[in-house]
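> Right, I'll just put the structure down here and ask away after.
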Amino acid sequence: MQVHIKYFASIREALGRGAEQWDTSATNLGELRQALVARDARDDHPLAAGRAVRIALHQRMCEEDALLTPGCEVAFFPPVTGG
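Put into structure tokens, the structure is as follows:
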């Protein structure tokens, strides 16, 4: 399924992009996060396990077990962002 992904603050800076459309077989936010890290494997990946990251699904903060739906909007944030 295709999802729309947005990256904010230091995550956007580290990845060098603010948004992307991505086809994935992930069923929840945690699987999507793991797939994004695996796609771009590097030791300092901003979404890597153990790194503090907040995730929103359709503009609502969620846990990693929240289910994805086709065309959903996912946003990744560092734990604190500025305005």
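Okay, so the sequence shown: first residue is 1439 according to our numbering, each after it adds one. Think of the CB as a built atom: it goes at the ideal place given N, C-alpha and C, for glycine as much as any other residue. This structure is a prediction, so every number in the text was calculated from the model and none was measured.
How long is the line joining the alpha carbons of L1464 and E1511, rounded to whole angstroms?
The sequence shown places Ala at residue 1464, rather than the Leu named in the question. Taking the straight line from one Cα to the other gives about 14 angstroms.
> For D1503, which residues in the same chain have their Cβ closer than 8 angstroms to its Cβ, ignoring the five residues on either side in sequence?
These residues qualify, in order along the chain: N1466, L1467, G1468.
> Whose C-beta lies closer than 7 angstroms to the C-beta of H1483 among residues of the same chain, with five residues either side of it excluded?
Cβ neighbours of H1483 beyond the five flanking positions: V1475.
> Can you check whether the CB of M1499 is closer than 8 angstroms to the CB of T1462?
Contact: no.
> What number of angstroms, rounded off, separates the C-alpha of R1489 from the C-alpha of Q1472?
Between R1489 and Q1472, the C-alpha separation is close to 12 angstroms.
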